[in-house]
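**Student:** Numbering (our numbering), first residue to last: 34 to 522.
By construction, the Cβ of each residue, glycine as well, lies at the ideal position given by its N, Cα and C atoms.
Model, not experiment: these values are computed from the prediction.
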């Protein structure tokens, strides 16, 4: 203000105001133009950002999110707990085949529940079992004698013949345990570990079976997790051997929140999503390439995790949001997603933000005023419902999307500062989006986005300085998983 008071000539004041205004207008224009590709006829700057992503919300997915019920989640979980123990080893107990308690009774009920859901949608689900005998592998194995393990799953077949071979899967393990792995008779309620994850699979089946999708969705429940991921390992190997095009696996294990009286450290607005960096199935050549290109943060599992985060931003979950954890799993722990990772599939794990170990792998008891045991009273079913909503919305988004672009290549035939990217057209895609981020960034900012109708772009910026990703988009705004370009000479 003092500057302008000292200027007596009004012409000088007008000149300064106009000059400042022009500078302010020029600055953002320069930034916006910086990343325009040379092939401007084929590509245009995207007008959307993460703040406006909700414009692409699918009305059917909004309906799916609203359809998930905390009350129904409670009913499923309490029914699972009613079987007393779901120890994998209880299948060998005397009279297990006809008993009302134990894992056989539990798996029979799960199968009947999938069949009931299918009946409600006029047979839209194909309900199947994957049954095998797990043999002891050595003296330290948690399975000491031949043990029958059964996985139960339901298939919601895709409606588009060209897209139905693409599969997305949600899973949880229905077996439980108490303080001793060998104790297959005493109560092992497993309300949170992993009645909550099994509940998510069943609830997703209920709400998604009311809708149709171009791609296929599988709702899976597995056993043998507590003995060493036996059920999921068998299922993942089967999928690999049969050549399934399994593009994403959502594993839910311990997603019950925590209602322990006096616990103020739990954050029921967050669910952790774990994803591996270097793929477990990577060959030595793959690892060498990843190291050379700085691709440690861009496995297919990590792109799946980023997709889940995007779904969380797009659809309205209130304060609830996924918290991405860029590591394979928690310290000293493992989960069924790892079995799929080992076979080369993209897979992630959902787990509550802060676990209470007094309510995992514990005999039901009270000692020194502390209540132990994995009981429904410690499960927050509003939280379970939120996890189910996020899973269901992610599955629906993936199964509605066009196929991801294939053969995505960053051309490196000669030394140049341009970045030329090419790929093959994807079934169902009407456009493509190319995103980029700094090599030091964890995610792709939505403002760094270009849309093109052609399967190629030519950026004026150096590929050495950024990480690129490409995804397909259909006419309704559904987006595929991101694909990171491979170098091509």
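Just to confirm my understanding: we take residue 352, look at its own chain, exclude 5 residues before and 5 after, and list those with CB closer than 7 Å. What are they?
**Tutor:** So the qualifying residues of the chain are 302.
**Student:** Does residue 168 pass the burial test, meaning 16 or more other C-beta atoms within 10 Å, or should it be called exposed?
**Tutor:** So residue 168 counts as exposed.
**Student:** What residue ranges within the region 104-128 form continuous alpha helix (DSSP H) runs of no fewer than 4 residues, ordered along the chain?
**Tutor:** DSSP runs (the alpha helix (DSSP H)) wholly in the region 104-128: none.
**Student:** Quick check: residue 343 and residue 437, are their CB atoms within less than 8 Å of each other?
**Tutor:** No; because the gap between Cβ atoms is not below 8 Å, this pair is not in contact.
**Student:** In the DSSP output, which residue or residues are listed as bridge partners for residue 465?
**Tutor:** 485 and 505.
**Student:** Pull up the CB-CB distance for residue 135 and residue 162, whole angstroms please, since I reckon it's below 8 Å.
**Tutor:** Wrong, their Cβ atoms sit about 17 Å apart, outside the cutoff.
**Student:** Need the endpoints of the beta strand (DSSP E) that residue 308 sits in, please.
**Tutor:** Run containing residue 308: 303-308, per the beta strand (DSSP E) assignment.
**Student:** Leaving out the 5 sequence neighbours to the left and right, which residues in its chain are closer than 7 Å to residue 101 when beta-carbon positions are compared?
**Tutor:** Within the same chain, residue 101 has close Cβ partners 236, 240, 418, 421, 422 and 425.
**Student:** Among 250, 468 and 205, which residue has its Cα nearest to the Cα of residue 281?
**Tutor:** Minimum Cα distance to residue 281 is reached at 250.
**Student:** Identify the continuous alpha helix (DSSP H) that holds residue 99 and give its terminal residues.
**Tutor:** Unbroken alpha helix (DSSP H) run through residue 99: 92-100.
**Student:** Which term fits residue 130, buried or exposed, when burial requires 16 or more other beta carbons within 10 angstroms of its beta carbon?
**Tutor:** Counting Cβ neighbours within 10 Å, residue 130 comes out exposed, since fewer than 16 surround it.
**Student:** Tell me which same chain residues have a C-beta within less than 6 Å of the C-beta of residue 516, skipping the five on either side of it?
**Tutor:** Within the same chain, residue 516 has close Cβ partners 437, 438, 441 and 503.
**Student:** Between the alpha carbons of residue 66 and residue 521, how many angstroms are there, rounded?
**Tutor:** Reliability of the predicted coordinates at residue 66 is poor, the pLDDT of 34 falling under 50, and no value is obtained from them.
**Student:** Smallest Cα separation from residue 306: which of 144, 410 and 356?
**Tutor:** Selected option, being the one with the closest Cα: 356.
**Student:** At the level of alpha carbons, what is the spacing between residue 270 and residue 410?
**Tutor:** Going from the Cα of residue 270 to the Cα of residue 410 covers about 37 Å.
**Student:** I want to know whether the region 287-301 touches the region 316-331 - three or more CB-CB distances under 8 Å.
**Tutor:** These segments do not touch.
**Student:** Classify residue 205 as buried or exposed, calling it buried when 16 or more other Cβ atoms lie within 10 Å of its own Cβ.
**Tutor:** Its Cβ being crowded by 16 or more others within 10 Å, residue 205 is buried.
**Student:** Helix, strand or coil, according to DSSP, for residue 470 in the structure here?
**Tutor:** Strand, per DSSP.
**Student:** Should residue 201 be labelled buried (16 or more other beta-carbon atoms within 10 Å of its own) or exposed?
**Tutor:** Looking at its Cβ environment, which holds 16 or more other Cβ atoms inside 10 Å, residue 201 is buried.
**Student:** In angstroms with no decimal places, state the Cα-to-Cα distance between residue 544 and residue 484.
**Tutor:** Here the chain has residues from 34 to 522 only, and residue 544 is not among them.
**Student:** Between the region 152-166 and the region 212-229, are three or more C-beta pairs nearer than 8 Å?
**Tutor:** With the cut-off at 8 Å, the region 152-166 and the region 212-229 do not touch.
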